[in-house]
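In what follows, a single structure is set out as structure tokens and then discussed.
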């Protein structure tokens, strides 16, 4: 296995190089690594650059010592042609006062009704 750390500017080129060197079929994944705990306010374009990428390739079995996916949670009660699925709560644990940047208003384009997730 090989792991290579790189920033936004060359990530695409690295993938092309690694695909040529190790073969596209040996690509495992691209991890996003948060390298900074506090945002850098010195950036001139107002885009946070607090992360880098770690690209992983393997010529072996590609195992990263994880646990097997628990497939018992998935079912296909409606015979969906895409296969087994599960219904889950997609709401976050933090409310809109705790994390306002994670809550967004949605406008129905047909009725113009506003749906808000904010506490009133």
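Numbering (the working numbering), first residue to last: 5 to 124. Glycine is no exception: its CB is placed at the ideal position from the N, C-alpha and C atoms.
*Under a Cβ-count criterion, where at least 16 other Cβ atoms within 10 Å of its own Cβ denotes burial, should residue 78 be classed as buried or exposed?*
exposed
*asked:* Could you check whether the region 90 to 108 touches the region 52 to 65, counting it as contact only if at least three pairs of C-beta atoms, one from each stretch, sit closer than 8 Å?
replied: no
_If contacts are defined as beta-carbon pairs under 8 Å, then residue 55 and residue 38 qualify, I think. What distance do you get, rounded to the angstrom?_
5 Å
_Segment limits, alpha helix (DSSP H) that includes residue 17_ = 15 to 26
*Starting from residue 61 and walking both ways along the beta strand (DSSP E), at which residues does that stretch end?*
55 to 61
*Report the partner residues of residue 34 according to the DSSP bridge assignment.*
Residue 34 is bridged to 59.
_Distance, residue 105 Cα to residue 34 Cα_ = 26 Å
_For residue 115 and residue 36, what's the separation of their Cα atoms in angstroms?_
39 Å
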